[in-house]
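K.L.:
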Amino acid sequence: MNFEFLFNNFPELTITGLAFGAIYALIALGYTMVYGVLQLINFAHSEVFAYGTFAALWTVLALGGDAGVSSGRGIAILVAALVAAMLVSAAIALLLERVAYRPLLKRNAPRLIALISAIGASFVLAELLGLRDRVAGWFGLEESLSEYVSGARINRSMPTLLERKKLFSFFGYDVTVIDVIVIVAAIVMMFALDQFVRRSRLGRGIRATAQDAETAALMGVNSTRAVQVTFLLGGLMAGAAAFLYMLKIETTRFDVGFLLGVKAFTAAVLGGIGNLRGALLGGLVLGVAENWGSALLGSEWRDVVAFVLLVVILLFRPTGILGESLGKART
Amino acid sequence: MSTAVSARPKRGAGLKGRVVAMPKPLKITLWVLLALLAYALPLLEPPIISPPGTDFGGVLFTVTIYCLVALGLNIVVGYAGLLDLGYVGFYAIGAYTAAILTSFHANWPLLLALPVAVAASTLSGVLLGAPTLRVRGDYLAIVTLGFGEIIRLVATNTEWLGAAKGISNIDRPPGPALFEIPHLNWDTGTPLLDFNDTTTVLQFGVLDQIPYYWLGLTVVILMLFADRLVKDSRVGRAWEATREDEDAAELMGVPTFRFKLLAFATGAFIGGLAGALYASRQSFINPLSFLLLYSILFLAAVVVGGQGNRWGVLVGAFLVAYLPERFRDFADFRVLAFGAALMALAIFRPEGLLPPRRTVRAKQMEQEIDALEEGAETDGETSRA
Chain C
55 MNFEFLFNNF PELTITGLAF GAIYALIALG YTMVYGVLQL INFAHSEVFA YGTFAALWTV
115 LALGGDAGVS SGRGIAILVA ALVAAMLVSA AIALLLERVA YRPLLKRNAP RLIALISAIG
175 ASFVLAELLG LRDRVAGWFG LEESLSEYVS GARINRSMPT LLERKKLFSF FGYDVTVIDV
235 IVIVAAIVMM FALDQFVRRS RLGRGIRATA QDAETAALMG VNSTRAVQVT FLLGGLMAGA
295 AAFLYMLKIE TTRFDVGFLL GVKAFTAAVL GGIGNLRGAL LGGLVLGVAE NWGSALLGSE
355 WRDVVAFVLL VVILLFRPTG ILGESLGKAR T
Chain W
83 MSTAVSARPK RGAGLKGRVV AMPKPLKITL WVLLALLAYA LPLLEPPIIS PPGTDFGGVL
143 FTVTIYCLVA LGLNIVVGYA GLLDLGYVGF YAIGAYTAAI LTSFHANWPL LLALPVAVAA
203 STLSGVLLGA PTLRVRGDYL AIVTLGFGEI IRLVATNTEW LGAAKGISNI DRPPGPALFE
263 IPHLNWDTGT PLLDFNDTTT VLQFGVLDQI PYYWLGLTVV ILMLFADRLV KDSRVGRAWE
323 ATREDEDAAE LMGVPTFRFK LLAFATGAFI GGLAGALYAS RQSFINPLSF LLLYSILFLA
383 AVVVGGQGNR WGVLVGAFLV AYLPERFRDF ADFRVLAFGA ALMALAIFRP EGLLPPRRTV
443 RAKQMEQEID ALEEGAETDG ETSRA
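Protein chains in written order, with my numbering: chain C, 55 to 385; chain W, 83 to 467.
Now the structure itself:
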């Protein structure tokens, strides 16, 4: 137990933990919304995130971003990368809904089968990324795209476009501009999503479908549309998370989604699945607890801390910290 | 229309009816012959089935381990309806206990370590189940997933458990060298006895894995009998009642929590046994043998085959374990193809390849009701017109 290390680095551990937690939370939104509406673990959501990281990486490469560009140009490239990541992730999420879920929902298949379908989709998507050089080879594009598809199974890193400038000091830890961007962006997006689901017409449709799909359909809610919008929103958030992840970590690989997905799902359950604010809280708690725990016990115990925390919280609060429900009235 | 609906089930019942109608001695002979064929399979090395370039006996042993695991997980997922995403944790506990006792910290013979390994994993099943089985449905899935990962990470990080290097020199089962059996050789297109390629009966060696396959197959057959007895007993009915409607079962006097815990412990028992056998065959284990991916593959085996039907899950286990080995030529695209197959199966055969009779009956009834309702609607419309 290395208490000294924990206390000496407490501010740093907390801030970086919050930044990680914010990324977990953004991914967790996708799990939590789909679960709230369909009571289904969208196992393939991790791949939605993974494709987002690659969309960001490829956009930066395509626009010629490298460490030398001026800061104005660098920021423009980053904005483009954010937009690309969100669009690609949203497209993948919608594709998933169309191919892997809708045929099952139509037949009223058992929920476990939907999980198997999602697992299959997740394997297919991850392997397509991992074999992207071969896939490009089928079209004879291996040479011309080599910058994008080479090293398909190893880590690929993104050039640093944003200097890690110190913004202010927080009890002795120099908070960088990246930490601030990650945390603030995540919270702003969460707030926007929360307001959208609470106030807009489509959001009301989603909540109604989550409460009782059949009655909602009778009341004129287009439930297919509501499910689509749910996947779309989850995809957009995962894309934003992917961009922020690339900003902070700067490397990705074809199976990056797996661990992040498991952690994000853990965060969703921790906060109370189906609950948007719960996802934020769960993500932040998980990120910070992981950082503190790994400081205390050694970084190799990081994931163990996360899972033990989950098991312990579920034992004492079986529906997560804030309790479940996207539709509020559902018990 | 009613003839069309009721004519359907009869076709399936024809072949089955003929088998059921056979006299008992004939049936038993048939089963014994099938079992003998299964035992002899690695010696026959039939050309298309036997995967090129790899040891057929080893592949078949892997298949039996998957079958064993699938039977165990079927009790948890198929009978009791508890979604377990961390089954590999029990498998790991069985394997690690056997490894520690026979090689790493003691020198026990395998036959002595095996019961301890099984007891340890059963105990872990009870310890995990007692607090978590009160949590419902999908939460249980994520808690068990967490459990599986915790076991693996603890093994990776603890020197006492061999850390990332793993444990080697795990004991093999004892076996006398009795006599040698030649394999068949199909190189010329016709089967020939090949006396250069022989298997020494009951010598559990490094190179020849066929005796392991026989051991695994024997355990699977024993488990099938046990499974049948349990499923048809009061316990099996209680599990199914709990799965179908927990509240109703509780009201009818079924102590659901106790039965769920029993299902969990039984599943852990079989998982631990499979893990210990696997460790003994490999003679070497490290944490990479117990990734979350395996939990998912095990679950896929159960669901693909048809959860709740013991023959179904055997078929599923066979497919999940065997197909990737058979199609090693496509090495890089294996996982991709497997994922696509899972999706296709889920979409086109959501009840699994061999669903239990109950599910088939329920589905037929649903179709009949749908047909009747549709008929009533069209009648109503015509009368209105």
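Cβ atoms here follow ideal geometry from the backbone N, Cα and C, with glycine treated the same way.
1. Thinking just about the alpha-carbon of each residue, which of W:LEU205, W:GLU456, W:ALA181 is nearest to the one in PHE172 (chain W)?
2. Between C:ALA322, C:THR70, C:VAL365, C:LEU166, which has its C-alpha nearest LEU298 (chain C)'s C-alpha?
3. Can you grab the Cα-Cα spacing for the pair THR305 (chain C) / SER211 (chain C), in whole Å?
4. Where does ALA331 (chain C) sit, in a helix, a strand or coil, going by DSSP?
5. What does GLU231 (chain W) reach in chain C if we use C-beta pairs closer than 7 Å?
6. Does LEU381 (chain W) pass the burial test, meaning 16 or more other C-beta atoms within 10 Å, or should it be called exposed?
7. Pull up the DSSP beta-bridge partners for HIS265 (chain W), would you.
8. Distance, Cα to Cα, ALA245 (chain W) vs ALA180 (chain C)?
9. Taking only beta-carbon positions, decide if VAL417 (chain W) is within less than 8 Å of chain C.
10. Hey, how far is the Cα of SER185 (chain W) from the Cα of PRO293 (chain W)?
11. Short check: CB of GLY90 (chain C) to CB of ALA264 (chain C), under 8 Å?
12. Comparing C-alpha positions only, which one of W:ALA181, W:LEU373, W:SER371, W:LYS106 sits nearest to ARG254 (chain W)?
13. Three or more beta-carbon pairs under 8 Å between the stretch 394-410 of chain W and the stretch 231-247 of chain W, yes or no?
14. Just curious, the alpha helix (DSSP H) that ASP228 (chain C) is in, first and last residue?
15. Using DSSP bridges, identify the partner residues of ARG210 (chain C).
16. Can you tell me where the alpha helix (DSSP H) with LYS160 (chain C) in it begins and where it stops?
17. Is the beta carbon of ASN391 (chain W) less than 8 Å from the beta carbon of PRO437 (chain W)?
18. Should the stretch 236-253 of chain C be called in touch with the stretch 282-302 of chain C, which here means at least 3 C-beta pairs below 8 Å?
19. Between the stretch 150-168 of chain W and the stretch 342-360 of chain W, do three or more beta carbon pairs fall short of 8 Å?
20. So for LYS219 (chain C), helix, strand or coil by DSSP?
21. Under 6 Å Cβ to Cβ from ALA199 (chain W), same chain only, skipping five residues before and after it: list those, please.
22. Residues of chain W with a CB under 8 Å from the CB of SER223 (chain C): which are they?
23. At the level of alpha carbons, what is the spacing between ASN96 (chain C) and ILE352 (chain W)?
24. Look at PRO471 (chain W) and ARG408 (chain W) and say whether their C-beta atoms are less than 8 Å apart.
25. Taking C-beta pairs closer than 8 Å, name the residues in chain W that SER171 (chain C) reaches, listed in chain order.
26. Just verifying my parser: in three-state terms, what is the DSSP assignment at THR282 (chain W)?
27. May I have a chain-ordered list of the alpha helix (DSSP H) segments no shorter than 4 residues that lie completely inside the stretch 377-423 of chain W?
28. Answer with yes or no whether the minimum CB distance from PRO369 (chain W) to chain C is below 8 Å.
29. Report the residue from C:GLN249, C:LEU149, C:PHE308, C:GLY374 whose alpha carbon sits nearest the alpha carbon of ILE208 (chain C).
30. Count the other CB atoms within 10 Å of the CB of GLN389 (chain W); is the residue buried (16 or more) or exposed (fewer)?
31. To which residues does DSSP link SER206 (chain W) through a beta bridge?
32. With a floor of 4 residues, list each alpha helix (DSSP H) that falls wholly inside the stretch 168-217 of chain W, ordered by position along the chain.
33. CA-CA distance, ALA168 (chain C) and THR280 (chain W)?
34. Taking 8 Å as the CB-CB cut-off, is LEU153 (chain W) touching chain C?
35. Would you verify that the beta carbon of ILE378 (chain W) is, or is not, closer than 8 Å to some beta carbon of chain C?
P.N.:
The structure says:
1. W:LEU205
2. C:THR70
3. 4 Å
4. Correcting the residue type first, residue 331 (chain C) is Arg in the shown sequence and not Ala. Helix, per DSSP.
5. ASP357, PHE361
6. buried
7. W:ASP276
8. 28 Å
9. yes
10. 21 Å
11. yes
12. W:ALA181
13. no
14. Counting along the chain, ASP228 (chain C) falls outside any alpha helix (DSSP H), though it belongs to the beta strand (DSSP E) covering 227-230.
15. C:THR306
16. 156-160
17. yes
18. yes
19. yes
20. coil
21. GLY176, THR179, ALA180, GLY354, ALA358
22. Per Cβ cutoff of 8 Å: no residues; SER223 (chain C) is ~34 Å from chain W at best.
23. 29 Å
24. Since the first residue of chain W shown is 83 and the last is 467, residue 471 (chain W) is not available in this structure.
25. LEU424, MET425, ALA428, ILE429
26. strand
27. 392-408
28. no
29. C:PHE308
30. buried
31. SER206 (chain W) is not bridged to any residue.
32. 169-181, 192-214
33. 47 Å
34. no
35. yes
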